[in-house]
Each structure stands twice: as structure tokens, then as C-alpha cells.
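Residue numbers (the working numbering), protein chains in the order written: chain A, 27 to 167; chain S, 1212 to 1684.
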């Protein structure tokens, strides 16, 4: 199954990610976001960071989850390679996400090809169709 | 969408549906076409629906689709009845441009240009994942957030004279560092004094043509061939996080029902949340002022080191093009204090405004409009006519028309470097892919953007400048 697709956008970084489940589509969205900055396939996943994120709804949960990728990159020099064990559970105050981010530390060999400044809500869509889930978002580059 | 022609370069969306005021666009037929190809006009109409908006929702000639507000959008809100919106400022709070003049001519530096660019490249950290030269303590960062460029000067980066030629004297006095989250501080600490990546750049330029000799002289721009330095960057991760934190806080407190776009979320300006965002945003503006101050200082040191002196290297001006400011403007014949949001738009104060430096009070403030990589940039002067046209605002750059993905597919960074070299422009970059993304073909024609600005009266053309050395993150 295709993990994600980069879509045309004049100024920013638009993508659509796919999954058999909502969780898989979220995990692939993180890889799509990382792909705007580095090639996640070339990163050795030597480190792990466990994350737990709450949102008021699925959109805010996605926004915060993708922002976490930027946050750990900028403050802990962590470059994402994979997302493991991602779960999304409903709670009274909104959905809650848990996952383990696997990746490496920025090194002299890490090749960057862009910077994601922020996640945006512009054209954000999270939906279920024909037996799968699709997530769409635009990143401020 | 109904678009009424006012004249060849002025277009209006009349009030309809939930719009409280009309929307107005300044564009030639050519620029209008680009704007009609995306969501810009729909976004300008959404902005016109926000509470307390005054006069009109304005769109500048270089506008393109943003999130919530369009990029190139200007909207002013009443302080009592109106709102403040993080989406109306943008993620890169106080992204802006700083211009330095020098006593050098292009001929003076040609022989040392490679060395000079290499020295700047060494001293100014640029590119993705690069940290600043000095790592701040959280206390030192909070001082920068409170004092802006003034704080940087107190710590030895530049001189007090620089502050006189920075908008707000380089310090937003309403800043409250306490409203900046620990996450934002964490992102801000390693990045102070860094250029960043994407469309941010540092250019060594020369004056190509002086178009208004009187204003040019007031700005310290003396003649063709004179060397200038232009720095384009913003508040880095700290500003992005402040925007994100307050968009979410507003969603959580005020809800998202009825918002056509979630980044239109806005809090009443006088509310506690509105005030907290405003003061945290001011702190992020201060970070950006300090950031550009430190980079300018490093550039001056590099010039001194390589060329044996940096005499005459002083600021022309430092402008923000993503910001919300409290300004007095005329509403129904009387002056009213408003919260003016400029997202991808530059303030364009004319001679009548007291806020601008004394040296510019006869000609208007310098407005700095960078072009795309390898193309011309322009210096304009603010006009008094812009007050009635756009709350004293004009364009901020060329504006993208082609996606980065498409640009990477079509262009090669190394090839662009060679093409620029053939035109006498030296390019240094951290990523060739990043260079391809910024190919000038991916942008609108900046000449057309400034021509419309000048023709409409948003800003008066003063000088055309061209790059001789380009540094990309």
C-alpha cells in the first residue's frame, strides 16, 4: 500500500497519507512530514522517543502529532526513521495518541533538503473511505 | 466570485453573506490571474467576516493562498469590538528584511567576493538543523524576548545607531516573555543568530538603478554599483511555536464551530487570551529583531575581517512583514487606534507618520521588497496615500507560483549555481535541492509587483538592486 503522496501546492508542503487503519494513516503522515526535511529511509533508527499526545479532536491530534516531529528535531536533534506501536484511543476530553518514534541523531552525514516551519490546518482532512483511512495536511515550509 | 473592477489595478469583492466589509485587491491583470488560480480571494472574503474589522480586507499585489488569512493580506480591527488572530500574523512571526548600506562599490569587493562570502557562510549559521554560535541560558533568552534588538546590542552585537533604523527601535514594548511556552523557549535557544532555510537568504547586492534620487540619498543609497547587504529571516522555531500554541489555546477556549478555516480562529483583542497572544507575539517579534541584529553584526565583522574595514556599514532599515501592530488610522474622518494585521505585507508609512526615524521624515520609511533568488530586489519609500488605500501597507516579495515539488522536478540546484555564476552572481548554499526549490521561475515577477505598488500609490519606487553574492540556508 502506498504510504503517502506529495500533492502540488504553490507555497507550502501538501500531502495525503493512507492506511488500512486511522493509526496507520497517522504514522504515514509523520513519515510524509519528515520527507519534506530528510529521507527517512536513510536514517538508522538507533534511538527511540515515546510520545503521548492529546487533542480536542482528531484534527488537533494530527496537528500536535506532526508538530512533535518538528519539536523533537529542533530541540533533541532527532531525525525520524519510523513510527511504531501507534495507538489512538478515544477519551472524554478528546482522542489520545501514543507512539514510539524511532530515528537517529543529526550527524554530519544527514542530508537535509528542506525545513518545515509549522503544521497548518489549511485543507486538513481526515476521513475513512473504501476500507481505509486518508489523512491530508499542508505544512508551512 | 464576483470581482468588481474599480480601475486597472484595483479590484473589489462587494460585501455579501457574512462579510462585514468589502475586500479589495491591488493587482494588474497579469497578477490577478495568479491570484484567481488559488484560494486567495476566498480567504480575503473570510477575513472580511471577522468581528470588528474596519474599512476593508486588503490584498497586496504579491498575494497568494495562505492558511486562514491569505499571504499578502492586511486587516485592521477595532481594539474594543475586534479580534486578534494568530493566523493573521502567520507562523513565522516578524519574518522580515534588514538592509545594510556600505561605502564599498561592487568593483572594490570583486576580487575578495569569494572569500567574503565564505567568511559570512562560516560566521552566520544557515540551513536546516543548524545551531547558533552562542548558546543562551533561558534567562538570557527571556531578556532578548523582553528587549529585542536592544538586548542584542547590550550584549555587544552592533550599536545603538542600529536601533534607530529598526521598526519600533527594535523593541516591542508590549512584549511579555512569560506568555512564551517552555516548548517555544526550547526551540528558540539553539536557533538565535541563525538564518534558517527555505526562502530565507542573505545577499550581497549592488545598486542597479536609482529611481528616486532624493529618497535614495536620505536612505544612504548614493549611486549605482554601491554594495548593500540584505538579510531575510524571522523568529525561527520560537515564533512558529508561539503561533501554534495560541492557535490551539484559542481553539480550546473559543471552539472551532462556524470557522470556514481553523486558522481564522481569533480572540477578542481585549480578552485575557487575546492579550496573552498579543504580548507573546510581541516577544517573538523581539526575538526576530535580535536575530537579524546578531546576523547583521556577524556580517559587519566578516566585512571588516576580509576587506580591512566596515566603515559606513549601517542599517538602512529593518522591516517586519508578518506582524500585528497597534497603529492609529483614519476611520470615518477621525484617527482610531487599530490592531493592524500584516501577513506577508510590509508597513509603508509616509512622511506624515511620527513612528519613522527622523532621517526619513521628509521621504517616508524605506520599504524593502526582496525578489526571488538571483533576481532584482527593490527599495521603495512609504507614502501618505497608502494610509487610505491599505492602512499604510504594500507587498513583501515576489510570491510563489510553482510548488517546491514541481521546482525540484524541473530544476537542478547545481545548474542554477552555474547559470547565476555566468551572470556574475556567486551562490553558496547548504542544500542543492533547497536551491532548486527556490528557482526564480517558481516565483511571480517582482518587477510587476513593485510596478503595481508604485502605480497604485502603496509605495514609491526608490532603487532597484541586484545580487552579486547569495547565501541560502
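We treat Cβ as the ideally placed atom computed from N, Cα and C, and that holds for glycine.
Beta carbon proximity, residue i to chain S, threshold 8 Å
i, result
"residue 128(A)", "no"
"residue 151(A)", "no"
"residue 140(A)", "yes"
"residue 162(A)", "no"
"residue 143(A)", "yes"
"residue 47(A)", "no"
"residue 30(A)", "no"
"residue 93(A)", "yes"
Same chain only: Cβ atoms within 7 Å of residue i, ignoring 5 sequence neighbours per side
i, result
"residue 1273(S)", "1283, 1606, 1607, 1608, 1609, 1610, 1655, 1660"
"residue 1356(S)", "1386, 1388, 1391, 1494, 1497, 1498"
"residue 1563(S)", "1595"
"residue 1597(S)", "1559, 1561, 1603, 1604, 1605, 1668, 1669, 1670"
"residue 49(A)", "112, 113, 114"
"residue 1427(S)", "1421, 1673, 1674"
Chain A contact for residue i (CB, 8 Å cutoff)
i, result
"residue 1644(S)", "yes"
"residue 1623(S)", "no"
"residue 1648(S)", "yes"
"residue 1556(S)", "no"
"residue 1488(S)", "no"
"residue 1302(S)", "yes"
"residue 1530(S)", "no"
"residue 1340(S)", "yes"
Contact set between residue i and chain A, taken where Cβ atoms lie within less than 7 Å
i, result
"residue 1463(S)", "82"
"residue 1397(S)", "101"
Contact list for residue i against chain A, beta-carbon separation under 9 Å
i, result
"residue 1282(S)", "37"
Proximal chain S residues relative to residue i, where beta-carbon distance stays under 7 Å
i, result
"residue 167(A)", "1409, 1615"
"residue 148(A)", "1278, 1472, 1474"
"residue 131(A)", "Chain S residues near residue 131(A): none, gap ~10 Å exceeds 7 Å."
"residue 34(A)", "1614, 1616, 1617"
"residue 63(A)", "1339"
Close-in-space but distant-in-sequence residues of the same chain around residue i (CB under 8 Å, 5 per side omitted)
i, result
"residue 1225(S)", "1213, 1215, 1233"
"residue 1483(S)", "none"
"residue 1644(S)", "1619, 1624"
"residue 1615(S)", "1648, 1653"
CB-CB length for residue i against residue j, believed under 8 Å
i, j, result
"residue 1315(S)", "residue 1631(S)", "That pair is no contact at about 21 Å."
"residue 1294(S)", "residue 1336(S)", "Incorrect: roughly 37 Å between the Cβ atoms, too far for contact."
"residue 1354(S)", "residue 1374(S)", "Actually they are not in contact, since the Cβ atoms of residue 1354(S) and residue 1374(S) sit about 15 Å apart, beyond 8 Å."
"residue 1682(S)", "residue 1264(S)", "In fact, because the Cβ distance is near 40 Å, the residues do not count as touching under 8 Å."
"residue 1675(S)", "residue 1571(S)", "So it is not a contact: roughly 19 Å between Cβ atoms."
"residue 1339(S)", "residue 141(A)", "5 Å"
"residue 1281(S)", "residue 1457(S)", "About 20 Å separates the two Cβ atoms, so there is no contact after all."
"residue 1557(S)", "residue 1532(S)", "5 Å"
Neighbouring residues, chain A, relative to residue i (Cβ below 8 Å)
i, result
"residue 1335(S)", "Here the premise fails: no neighbours, minimum Cβ distance about 16 Å."
"residue 1420(S)", "None at all; the shortest Cβ gap to chain A is about 29 Å."
Interface partners of residue i on chain S, CB under 9 Å
i, result
"residue 135(A)", "Per Cβ cutoff of 9 Å: no residues; residue 135(A) is ~12 Å from chain S at best."
"residue 122(A)", "Here the premise fails: no neighbours, minimum Cβ distance about 15 Å."
Close Cβ partners of residue i (< 6 Å) along its chain, the five nearest in sequence each way excluded
i, result
"residue 1567(S)", "1560, 1576"
"residue 1622(S)", "1647, 1650"
"residue 1359(S)", "1381, 1382, 1497, 1500, 1501"
"residue 55(A)", "43, 161"
"residue 124(A)", "78, 113"
Beta carbon proximity, residue i to chain B, threshold 8 Å
i, result
"residue 1597(S)", "Protein chains in the displayed structure are A and S, and chain B is not among them."
| said: Output needed in chain order: residues of the region 1250-1279 of chain S with a Cβ under 8 Å from some Cβ in chain A. | reply: 1275, 1276, 1277, 1278, 1279
If the cut-off is 7 Å on Cβ atoms, which residues from the region 1582-1611 of chain S count as contacting chain A, listed in chain order?
1611
Practice problem: Please name the residues in the region 1443-1463 of chain S whose beta-carbon is closer than 7 Å to at least one beta-carbon of chain A, in chain order. | Solution: Correct list: 1448, 1451, 1454, 1455, 1459, 1462, 1463.
In chain order, what residues of the region 1372-1398 of chain S put their CB closer than 9 Å to some CB of chain A?
-> 1394, 1397, 1398
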